[in-house]
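Structure, as structure tokens:
2 protein chains.
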Amino acid sequence: MSRRAQTAGFMAMKGGGYYSRATVGARHAIDGAAPLLMDALARMDPPDDGRVLTVADMGCADGGTSLDAMAALLREMRRRAPSRPIHMVYTDLPRNDFGQLFRNVQHLADEIPGLYILASATSFHRPILPPGTLHFGFSATASHYLSETPREISDHVHMVGASGAERAAYVGQARRDWEGMLLARARELAPGGRLALLNFGIDEEGRYLGSTGGVDMFDTFDALWAGLRDAGAISAAEYAATNFPQGYRTVAEFTAPFRDPDGPVRRAGLRLEHVDTATVRCPYAAAFAEHGDAARFAREYIPTLRSWSEATFAGGLSPDRPEAERRAILDRFYDAYEDAVREAPDGHAMDYVYCRLVAAREPA
Amino acid sequence: MSRRAQTAGFMAMKGGGYYSRATVGARHAIDGAAPLLMDALARMDPPDDGRVLTVADMGCADGGTSLDAMAALLREMRRRAPSRPIHMVYTDLPRNDFGQLFRNVQHLADEIPGLYILASATSFHRPILPPGTLHFGFSATASHYLSETPREISDHVHMVGASGAERAAYVGQARRDWEGMLLARARELAPGGRLALLNFGIDEEGRYLGSTGGVDMFDTFDALWAGLRDAGAISAAEYAATNFPQGYRTVAEFTAPFRDPDGPVRRAGLRLEHVDTATVRCPYAAAFAEHGDAARFAREYIPTLRSWSEATFAGGLSPDRPEAERRAILDRFYDAYEDAVREAPDGHAMDYVYCRLVAAREPA
Chain D
1 MSRRAQTAGF
11 MAMKGGGYYS
21 RATVGARHAI
31 DGAAPLLMDA
41 LARMDPPDDG
51 RVLTVADMGC
61 ADGGTSLDAM
71 AALLREMRRR
81 APSRPIHMVY
91 TDLPRNDFGQ
101 LFRNVQHLAD
111 EIPGLYILAS
121 ATSFHRPILP
131 PGTLHFGFSA
141 TASHYLSETP
151 REISDHVHMV
161 GASGAERAAY
171 VGQARRDWEG
181 MLLARARELA
191 PGGRLALLNF
201 GIDEEGRYLG
211 STGGVDMFDT
221 FDALWAGLRD
231 AGAISAAEYA
241 ATNFPQGYRT
251 VAEFTAPFRD
261 PDGPVRRAGL
271 RLEHVDTATV
281 RCPYAAAFAE
291 HGDAARFARE
301 YIPTLRSWSE
311 ATFAGGLSPD
321 RPEAERRAIL
331 DRFYDAYEDA
341 VREAPDGHAM
351 DYVYCRLVAA
361 REPA
Chain C
365 MSRRAQTAGF
375 MAMKGGGYYS
385 RATVGARHAI
395 DGAAPLLMDA
405 LARMDPPDDG
415 RVLTVADMGC
425 ADGGTSLDAM
435 AALLREMRRR
445 APSRPIHMVY
455 TDLPRNDFGQ
465 LFRNVQHLAD
475 EIPGLYILAS
485 ATSFHRPILP
495 PGTLHFGFSA
505 TASHYLSETP
515 REISDHVHMV
525 GASGAERAAY
535 VGQARRDWEG
545 MLLARARELA
555 PGGRLALLNF
565 GIDEEGRYLG
575 STGGVDMFDT
585 FDALWAGLRD
595 AGAISAAEYA
605 ATNFPQGYRT
615 VAEFTAPFRD
625 PDGPVRRAGL
635 RLEHVDTATV
645 RCPYAAAFAE
655 HGDAARFARE
665 YIPTLRSWSE
675 ATFAGGLSPD
685 RPEAERRAIL
695 DRFYDAYEDA
705 VREAPDGHAM
715 DYVYCRLVAA
725 REPA
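Protein chains in written order, with the working numbering: chain D, 1 to 364; chain C, 365 to 728.
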């Protein structure tokens, strides 16, 4: 769902090779991981034995940002094992726009011989495929979505700004979800299969999405939302009920299940082959550095923030409010963010910070 | 796409067990075929060998009308082969509402152990799955949609009313599509696999959907559309360009590929196990026989006709017409149909006429 806002339809409208800035960061992060995928496939070295190979993109949204990377992976798989049919399984939650997904990716089946495209609406917190039938699992910009929101955060809208027991609740939920997701994948991976995961997370220097040394994006969200509370536009209960259902994990948290030789993930046969972090510069901030027009920066930047954050802020508002009133509050909120960027643009940026992991499934 | 109009969401809204009349005919036809499915599964007698079994519902629309039949088939498969994971693959064209499909069927994965639900947007005129990997293929109320419209029909809107070279063009396209569909299935069926197909068609007495001895539905469509042409509301070119992209086949046409021992379908290993025809009474006409209110019959009956036919009539109109003008023409058209039913209700009925076939895949 995190890549929901990625507008491959818009890309198609603009013609091949064009991508809107709203998608270019996540796409660059995935394209930048292509060598990791190719190296993992080389180590996997699938025998050309005619049996079905299965690839999955879990949390695929509309398939737009991973399209080039998946096409490259599938072509290399085709080259290495010409006799093997390939199942390409795109997965996301039932509310995903699967029609748009199919319209974006279906052409791959015409371009790559023996490729069969499928979709699943099973959450990656649960088994998606039968045991031992997945050969290459991929997931990008998705695992930070928690299976449930553990509790309200009293003084912030995101767990990165929470503290004490509130922060611990999110860290704990993120730990359980991560281990559960790895165990679900370990169960469905074939021996020798690989898992390549690009996750929003907290890097070795404490940086995360929108927090890389300039103006902190989630702190800005929080300050403006608290401002609406202080101005009486929203209630204290609505402010408290507004929490991103996300958990950003540190590199240590991502790798912990692989470091415990007696833990369930290692016992299930998963072995960590690679971990690193990567940052992709905010395309709007980069463009602003070129054009220097603060009003344009603010006007172009806010819609992409709104595209993935609005559901969270809307979800915090009381269901008793009429629809028009909710819309007015949200408009006022994002207008305030646009004003803030226009008036003091320096340092605003939604830089992407990823923790990238590759794991292998050994025989149990 | 043919079952697009089936409103499982509406069903869900009304609570378990409720189905609107718009879906009940197609659902009854499928439920009535459950013994055919169970018998085919019994003959197939899948060994309990732990390998993945794959079932497909091809042309599934939102999965609503086949839900009970598929659930029964999957439960019986689960009982017969407890160790085998089951892939249930729902297929339709990319413009299908796959989100609604998943919302309708996803619960089956919670109810039936070892069931994995997938979707494909590959046309059933092409290979959907890798060779030899399909164990039970099902398709209902779908195969009458042709892969292309062969030509315009000068004096009718549907091939059932066409004659001469025009009718022959549709019959030929329907024959090629049927053979192509069977060959695509033969390729993907595992040896011993089964195919159960419920097709709109023309029975031994010449009956077909909406033409079972009373007022002919497609003739009524045509007369009213020609009336708009004669009244100057649509052009002669628009009338001629309005053609259902469908081919209704006779029983002889459905069975022909199986009767030719040297033909490609038999050579591909497909053998016909069962063929019959079945008719399901129009639920609106049946209700009218009870309540006797002509205005109510007309009011309730026309929306279901409109739900699956409007795209064809809209498609015949010139793209130069403004949207509001197109809407007005279509409203006038369906209002005229409602008037006709209200003024002379007797004999109006969309009775369903099916040709039902079961085939087996033998070793090539």
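Every residue, glycine too, gets a C-beta built ideally from N, C-alpha and C.
Relative to the C-alpha of residue i, which candidate in the options has its C-alpha closest?
i, options, result
"Ala420/C", "Tyr454/C, Ser430/C and Leu721/C", "Tyr454/C"
"Thr632/C", "Pro727/C, Asp409/C and Ala708/C", "Note that residue 632/C corresponds to Ala in the displayed sequence, not to Thr. Residue Pro727/C is the option with its Cα nearest to Ala632/C."
"Met523/C", "Asp583/C, Arg593/C and Arg696/C", "Asp583/C"
"Ala529/C", "Trp542/C, Arg515/C, Ala425/C and Ala538/C", "Arg515/C"
"Phe200/D", "Ser143/D, Gly347/D and Gly59/D", "Ser143/D"
"Gly193/D", "Leu53/D, Phe288/D, Arg306/D and Asp230/D", "Leu53/D"
"Phe124/D", "Arg321/D, Asn104/D, Tyr145/D and His135/D", "Tyr145/D"
"Thr277/D", "Val251/D, Gly316/D and Asp262/D", "Val251/D"
"Leu272/D", "Asp262/D, Pro264/D, Phe258/D and Val265/D", "Phe258/D"
"Arg306/D", "Asp293/D, Ala287/D and Leu330/D", "Leu330/D"
"Pro191/D", "Gly132/D, Ile202/D and Ala340/D", "Gly132/D"
"Gly711/C", "Ala650/C, Arg531/C, Ser673/C and Thr668/C", "Ala650/C"
"Ala121/D", "Met38/D, Leu134/D and Leu93/D", "Leu93/D"
"Glu310/D", "Tyr337/D, Glu290/D, Ala295/D and Glu179/D", "Tyr337/D"
"Glu325/D", "Ala233/D, Trp178/D and Met58/D", "Ala233/D"
"Val171/D", "Ala359/D, Ala289/D, Gln246/D and Ala349/D", "Gln246/D"
"Leu135/D", "Glu300/D, Pro303/D, Leu37/D and Pro322/D", "In the sequence as displayed, the identity of residue 135/D is His instead of Leu. The residue with the shortest Cα to Cα distance from His135/D is Leu37/D."
"Pro130/D", "Pro322/D, Val105/D and Arg187/D", "Arg187/D"
"Ser599/C", "Asp684/C, Val639/C and Ile566/C", "Asp684/C"
"Glu148/D", "Ala169/D, Asp39/D and Ile202/D", "Ala169/D"
"Asp367/D", "Asp230/D, Gly180/D, Ala295/D and Thr304/D", "Residue 367/D is absent from the structure shown; chain D starts at 1 and stops at 364."
"Glu440/C", "Ala653/C, Ala724/C, Pro399/C and Ala713/C", "Pro399/C"
Starting from the C-beta of residue i, find all residues in its chain whose C-beta is less than 8 Å away, skip the five residues before and the five after it, and write them out in chain order.
i, result
"Leu438/C", "Val419, Ile450, Met452, Leu472, Ile476 and Leu479"
"Leu118/D", "His87, Met88, Val89 and Tyr90"
"Ala601/C", "Ser682"
"Arg80/D", "Leu41, Asp45, Pro46 and Asp48"
"Leu101/D", "Cys60, Ala61, Asp62, Gly63, Tyr90, Asp92 and Ala119"
"Glu568/C", "Val615 and Thr641"
"Arg207/D", "Gly213, Thr279, Asp351 and Val353"
"Arg126/D", "Ala184"
Just confirm the distance between the C-beta atoms of residue i and residue j, as a whole number of angstroms; I'd bet it's less than 8 Å.
i, j, result
"Leu189/D", "Ile30/D", "Actually they are not in contact, since the Cβ atoms of Leu189/D and Ile30/D sit about 21 Å apart, beyond 8 Å."
"Pro345/D", "Gly25/D", "Actually they do not touch by this definition, with Cβ atoms about 18 Å apart."
"Leu573/C", "Phe697/C", "Wrong, their Cβ atoms sit about 19 Å apart, outside the cutoff."
"Gly629/C", "Leu721/C", "Residue identity differs from the one stated: residue 629/C is Val in this sequence, not Gly. With 8 Å as the limit, Val629/C and Leu721/C do not qualify as a contact, their Cβ atoms being about 12 Å apart."
"Ala69/D", "Ala33/D", "7 Å"
"Thr242/D", "Gly316/D", "3 Å"
"Phe221/D", "Val157/D", "5 Å"
"Met422/C", "Ser503/C", "4 Å"
"Ala298/D", "Arg342/D", "4 Å"
Excluding the 5 residues flanking residue i on each side, which residues of the same chain have their C-beta closer than 7 Å to its C-beta?
i, result
"Arg415/C", "Arg448"
"Asp462/C", "Going by the sequence as given, residue 462/C is Phe instead of Asp. Excluding positions up to five away in sequence, the list reads Ala483."
"Ala604/C", "Glu516 and Ser518"
"Ala226/D", "Tyr239"
"Pro370/D", "Since the first and last residues shown for chain D are 1 and 364, residue 370/D lies out of range."
"Arg167/D", "Met159"
Apart from the five residues on each side of it in sequence, which residues of its chain come closer than 6 Å, Cβ to Cβ, to residue i?
i, result
"Arg137/D", "The question names Arg, but residue 137/D in the sequence shown is Gly. The answer, listed in chain order, is Ala56, Arg185 and Leu195."
"Val644/C", "Gly389, His392, Ala393 and Tyr716"
"Tyr354/D", "Ala29, Leu198 and Ala278"
"Thr676/C", "Phe608"
"Arg78/D", "Ile112"
"Asp403/C", "none"
Strictly below 8 Å CB to CB, what residues from chain A border residue i?
i, result
"Leu493/C", "In the displayed structure, chain A is absent; the protein chains listed are D and C."
Open item on the list: What are the residues in the segment 475 to 488 of chain C lying within 8 Å of chain D by C-beta distance?
Closed with: Gly478, Tyr480, Ile481, Leu482, Ala483, Ser484, Ala485 and Thr486
Task: Whole runs of the alpha helix (DSSP H) within the segment 576 to 652 of chain C, excluding any shorter than 4 residues - done: 581 to 594, 600 to 605, 615 to 623 and 628 to 631
Task: Residues from the segment 497 to 519 of chain C in contact with chain D, defined by Cβ distance under 9 Å - done: Thr497
Task: Selection of the segment 33 to 58 of chain D by Cβ proximity to chain C, strictly under 8 Å - done: Val52
Task: Contacting positions in the segment 264 to 293 of chain D - beta carbon closer than 9 Å to chain C - done: none
TODO: Within the segment 128 to 207 of chain D, note down every full beta strand (DSSP E) run reaching 3 residues or more, in order along the chain.
DONE: 134 to 140 and 189 to 202
- [ ] Residues of the segment 436 to 452 of chain C with a CB closer than 7 Å to any CB of chain D: list them in chain order, please.
- [x] Pro449
Task: Residues within the segment 165 to 197 of chain D neighbouring chain C, beta-carbon criterion of under 8 Å - done: none
TODO: Name, going along the chain, the residues of the segment 667 to 683 of chain C whose beta-carbon falls closer than 7 Å to a beta-carbon of chain D.
DONE: none
TODO: Return the chain-ordered ranges of every beta strand (DSSP E) run that is complete within the segment 42 to 111 of chain D and spans a minimum of 3 residues.
DONE: 53 to 58 and 86 to 91
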